[in-house]
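Working notes, structure below.
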Amino acid sequence: HLVAALALGADGIGIGTRFLVAEEIWAHRKYKERLVQTDETQTMLILQSLKKTRRALANEKARVVRGLEREHGPDIDILFPHIAGKVGRAAYESGDAESAVLSCGQAVAFADRIEPLAAIVARLETEARDALARLERLRGAAHSPALQGVHA
Numbered sequence: 019h020l021v022a023a024l025a026l027g028a029d030g031i032g033i034g035t036r037f038l039v040a041e042e043i044w045a046h047r048k049y050k051e052r053l054v055q056t057d058e059t060q061t062m063l064i065l066q067s068l069k070k071t072r073r074a075l076a077n078e079k080a081r082v083v084r085g086l087e088r089e090h091g092p093d094i095d096i097l098f099p100h101i102a103g104k105v106g107r108a109a110y111e112s113g114d115a116e117s118a119v120l121s122c123g124q125a126v127a128f129a130d131r132i133e134p135l136a137a138i139v140a141r142l143e144t145e146a147r148d149a150l151a152r153l154e155r156l157r158g159a160a161h162s163p164a165l166q167g168v169h170a
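For the sequence shown, our numbering begins at 19 and goes up steadily by one.
Listed below in structure tokens is the structure:
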């Protein structure tokens, strides 16, 4: 995915959720295990009413926040007790992945195991090298004599 983003003109990519499952990250192991079991369909957008949209783990608290937004609109006084940073921090520390809004990108699908950060980076590098090799093979095939004169 890194190579695809770069090929489309990006200067880089943001990696957050995939790093949350690194052994070195201070979040509770139960939270990391929940992320590993989560796929991209188990996230949701919240805080759109405040024009501060964020993607979160589709859990009990995120559904409460979305419901409050629908019912009350962009009322920070109503939403704040549910989205305050101290609530999220307590959930990261306790491992209770239902009691707080927890940011989680669609790339959670790639956070498929708890492992050292170095191993995650090594896998990203391997995936990028493999993608570049595939692109090079395609480039070579596009210049083969069999395709001379063929136009898309």
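Glycine is no exception: its CB is placed at the ideal position from the N, C-alpha and C atoms.
_Give me, in chain order, the residues of the same chain whose beta-carbon lies closer than 8 Å to that of Ala151; leave out the 5 immediate sequence neighbours on both sides._
none
_Going by beta-carbon coordinates alone, are Ala189 and Ile64 separated by less than 8 Å?_
The shown model of the chain, from 19 to 170, leaves out residue 189, and the question about it has no answer.
*Hey, how far is the Cα of His161 from the Cα of Leu153?*
13 Å
*Give the secondary structure of Ile64 by DSSP, where H, G and I count as helix, E and B as strand, and everything else as coil.*
strand
*Tell me where the alpha helix (DSSP H) around Arg157 begins and ends.*
Leu135 to Ala160
*Compute the beta-carbon to beta-carbon distance between Leu75 and Gln60, rounded to the nearest angstrom, for a pair I have assumed lies under 8 Å.*
7 Å
*Is the segment 23-43 touching the segment 108-128 in the sense that three or more CB pairs, one from each, lie closer than 8 Å?*
yes
_Ala102 in three-state terms, based on DSSP_ = coil
*Just reading off the alpha helix (DSSP H) that Arg36 is part of, what are its end residues?*
Thr35 to Leu38
_Taking a contact to mean a Cβ-Cβ separation below 8 Å, would you say Ile101 touches Val82 in this structure?_
no
_Let me confirm a value: Ala115 is counted as buried when at least 16 other C-beta atoms fall within 10 Å, else exposed. Which label applies?_
buried
*Comparing alpha-carbon positions, which option in Gly91, Ala28 and Leu53 lies nearest Lys70?*
Gly91
*asked:* Quick check: the Cα distance between Leu20 and Gln66, rounded to an integer number of angstroms?
replied: 28 Å
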